[in-house]
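**Student:** I have a structure I would like to understand better, so I am pasting it below and will then ask my questions one at a time.
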Amino acid sequence: MNIQTDLHLHIPVPHYSGSTLSQCSASIANIPHIHLGHLGGADDFKVFILFPHLMDRQWKTNYLFDAELEHFIDNIFIPAIHQHCPPNVIQHLPAYLEMAKHFCLAASVESLT
Numbered sequence: 002m003n004i005q006t007d008l009h010l011h012i013p014v015p016h017y018s019g020s021t022l023s024q025c026s027a028s029i030a031n032i033p034h035i036h037l038g039h040l041g042g043a044d045d046f047k048v049f050i051l052f053p054h055l056m057d058r059q060w061k062t063n064y065l066f067d068a069e070l071e072h073f074i075d076n077i078f079i080p081a082i083h084q085h086c087p088p089n090v091i092q093h094l095p096a097y098l099e100m101a102k103h104f105c106l107a108a109s110v111e112s113l114t
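In this note's numbering, the protein residues as written are 2 to 114.
Below you can see the structure in the form of structure tokens.
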């Protein structure tokens, strides 16, 4: 689930033209991002992580490529959780993104039987 509507919030993003870096403004809905979850289980408070350096005006989507998502989850997000959360929380989490996908698939297949 990504942001699809214009929230009327614009933030500065880097813009590369060849080797030249400049800054432009972009709507949050156009910046590649992921939906991380909800605060306190409430659907009204969604948490998104934006990746403004991955923005490319040629793209027709605001989703990350699978390799980018996997790199972020496996090399940044999960190690940060392991560094800051107690073992009783970590033991319930998958070790990497591919494992989480398999858990989700297994749960959906089991619910069909």
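Virtual Cβ for every residue (Gly too), placed ideally from N, Cα, C.
(1) What's the gap between the Cα of G19 and the Cα of S26?
(2) Flag this pair as yes or no: are the beta carbons of I29 and L37 separated by less than 7 Å?
(3) Here's a check: name, in chain order, each residue in its chain whose Cβ is nearer than 6 Å to the Cβ of W60, leaving out the five neighbours to either side.
(4) Put C86 into one of helix, strand or coil per three-state DSSP.
(5) Tell me the DSSP secondary structure of I12 in three-state form.
(6) Which same chain residues end up closer than 8 Å to H11 when comparing Cβ atoms and leaving out the 5 residues on each side of it in sequence?
(7) Based on the DSSP secondary-structure assignment, which residues constitute the bridge partners of I50?
**Tutor:** Once the coordinates are examined:
(1) Within the sequence shown, numbered from 1, the residue matching residue 19 stands at position 18. Within the sequence shown, numbered from 1, the residue matching residue 26 stands at position 25. Rounded to the nearest whole angstrom, the CA to CA distance from G19 to S26 is 18 Å.
(2) For the purposes of this step, residue 29 is taken as residue 28 along the sequence shown, with counting starting at 1. For the purposes of this step, residue 37 is taken as residue 36 along the sequence shown, with counting starting at 1. It is not a contact, given that the beta carbons lie outside the stated cut-off.
(3) What you label residue 60 is simply residue 59 of the sequence shown in a count that begins at 1. Nothing meets the Cβ criterion.
(4) Against the sequence shown, residue 86 aligns to sequence position 85. Coil at C86, not helix or strand.
(5) The sequence position of residue 12 within the sequence shown is 11, counting from 1. I12: strand per DSSP, three-state reduction.
(6) Counting from 1 along the sequence shown, the entry for residue 11 is found at position 10. Cβ within range, chain order: S26, A27, S28 and I29.
(7) The residue given as residue 50 occupies position 49 in the sequence shown. Paired residues: I35.
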